[in-house]
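No gaps in the numbering here: position 169 of the sequence shown is 149 in my numbering, and each next residue is one more.
Virtual Cβ for every residue (Gly too), placed ideally from N, Cα, C.
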Amino acid sequence: MFVLRNGFTCWTRQVSTSTSTSTSTSTSTSTSTRFTCGGYSIIPPMPGENSSRRWAGMKYEELPIVHIKASYNNTIIQVVFADGKAAALTSCGVEGFKNSKKSSVVAAQTTGLSAGTKASKRNITHVRVVFNGIGPGRFPALRGLVTSGLQVVSLTDATPLPHNGCRPRKVRRV
């Protein structure tokens, strides 16, 4: 048992399955651990895994996805249905912020609020969020989405990390 930051108590539940063969007397047991909180798993179901949970009558795989691309210069938010069709697209530049103001925290939160409002007009209530990039607008954009009334089901970080791919530039000496 452990306690999360928001005060919820969570438990780990071990599920064991035992199989016995008729030719031998040995029994093999496989154990898997799922983190549960209040009877529900806090780890989202894997694709193809059966789950009884529903959000607004939809399975986890059917939920719309909000892609947040946070670069150092801009924050771009796109809301996509599960089949890949775009529902809303907005960025800090579209919201009226120009030049260096596009990289500010306020611009990212305004963009998140606008994207959430556009998604709400398309009858989207529950979403999955996928982050891409390490800019300053990652979490302010999420705050704007939540402020607009969207229910966030899961957070995923899909920022690409190099496995020592390209050689870096030489160090600048002044």
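Threonine 91 sits in a helix when the DSSP states are folded into three classes. Counting only residues of its own chain and dropping the five nearest sequence neighbours on each side, arginine 102 has a CB closer than 6 Å to the CB of Ala67. For phenylalanine 111, the enclosing beta strand (DSSP E) begins and ends at 106 to 112.
Annotation: methionine 26 to glutamate 41 spans about 9 Å, alpha carbon to alpha carbon. When rounded, the separation of the alpha-carbon atoms in valine 46 and valine 154 is 43 Å. In chain order, Ile45, Ala66 place their CB closer than 6 Å to the CB of valine 60, counting only its own chain and leaving out the 5 sequence neighbours on each side. DSSP places threonine 55 in the strand class (E or B) of the three-state scheme. The C-alpha of leucine 141 lies about 26 Å from the C-alpha of alanine 87.
A contact is defined here as three or more CB-CB pairs under 8 Å, and the segment 109 to 129 fails this definition with respect to the segment 141 to 152. DSSP places leucine 122 in the uninterrupted alpha helix (DSSP H) bounded by 118 to 127.
Closest by C-alpha distance to alanine 138, out of Lys150, Leu122, Val126, Phe111, is Phe111.
Around the beta carbon of glycine 96, 16 or more other beta carbons lie within 10 angstroms, which makes this residue buried. Where leucine 69 is concerned, the enclosing beta strand (DSSP E) starts and stops at 66 to 71.
Across the set Met38, Lys39, Ala62, Gly73, the C-alpha of Gly73 shows the shortest separation from the C-alpha of asparagine 53.
Note that the C-beta distance between alanine 50 and alanine 99 is not below 8 Å.
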